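Q: Residue numbers (the working numbering): -14 to 222. Backbone N, C-alpha and C define an ideal beta-carbon position, used for all residues, glycine too. The structure displayed is predicted, hence computed values, not measured ones.
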């Protein structure tokens, strides 16, 4: 019985020691200031995503407390290699005085900015006009790919797919509207200092305004020029 009581006492002491250690770790404050870390991330976001960004929000996650934290007197944040503060990411914190350790904190960065959206439902093949578009603040970190922020860039282009009202528009959702199509009879124009030469020919490919187009002249020669509205092709002098 004495041995049993001794063994029982050892287990109680061990359990109490473990409980105290766990409580100490649970109450151990991280040796870094969350406001300073949030400021660091905000500065990185502002410097790398300035154009088109209207506002952003930074939320820091938590990590399990470590005994070595108590030995650290000063820390500094850093950006892990390959990390980008966009959506879910990681922020590095290293001890620079009193200990040698580093830790990665989960961080979520939500960014809003301007983007062009459809003002109303539009079918595939629709030629976009200013009244079909509107500038709207959207959550950029939820969007995949590059967005369009200039109404004038979209105006006159053709949708390659149907879109819903309020849907954000990306460059890969439109194509240049052809002003010249393969087989069209076109007017060729060559201008230089004090002269202009005009001719006719047949377009060999589709082209939007400002795009390159190949033309077969009446004499059978193949030339390349720039497509313009009205089935006109400008040749370089």
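Among 65, 69, 98, which one has its Cα closest to the Cα of residue 79?
A: For residue 79, the nearest C-alpha among the options comes from 65.
Q: Mind checking who residue 170 pairs with in its DSSP beta bridge?
A: Paired residue(s): 187.
Q: Where residue 196 and residue 111 are concerned, what is the direct C-alpha to C-alpha distance, given to the nearest angstrom?
A: Taking the straight line from one Cα to the other gives about 20 Å.
Q: Can you give me the Cβ contacts of residue 160 inside the same chain, cut-off strictly under 6 Å, excluding the 5 residues immediately before and after it?
A: Cβ within range, chain order: 143, 145.
Q: Can you list the alpha helix (DSSP H) stretches of 4 or more residues lying completely in the segment 90 to 164, in chain order?
A: The segment 90 to 164 contains these whole alpha helix (DSSP H) runs: 136 to 139.
Q: Please tell me whether residue 92 and residue 165 are closer than 8 Å, where the distance is taken between their beta carbons.
A: No. Outside cutoff.
Q: Can the beta-carbon of residue 212 be found less than 8 Å from the beta-carbon of residue 186?
A: No, they are not a contact pair.
Q: To the nearest angstrom, report how far apart residue 163 and residue 179 are at their CA atoms.
A: Approximately 31 Å between the Cα atoms of the pair.
Q: Could you tell me the distance, in whole angstroms, from the CA atom of residue 220 to the CA atom of residue 205?
A: Computed Cα separation, rounded: 16 Å.
Q: My assumption, with CB atoms under 8 Å, is that residue 30 sits in contact with residue 41. Please give the rounded CB distance.
A: Yes, residue 30 and residue 41 are in contact; Cβ-Cβ is about 5 Å, under 8 Å.
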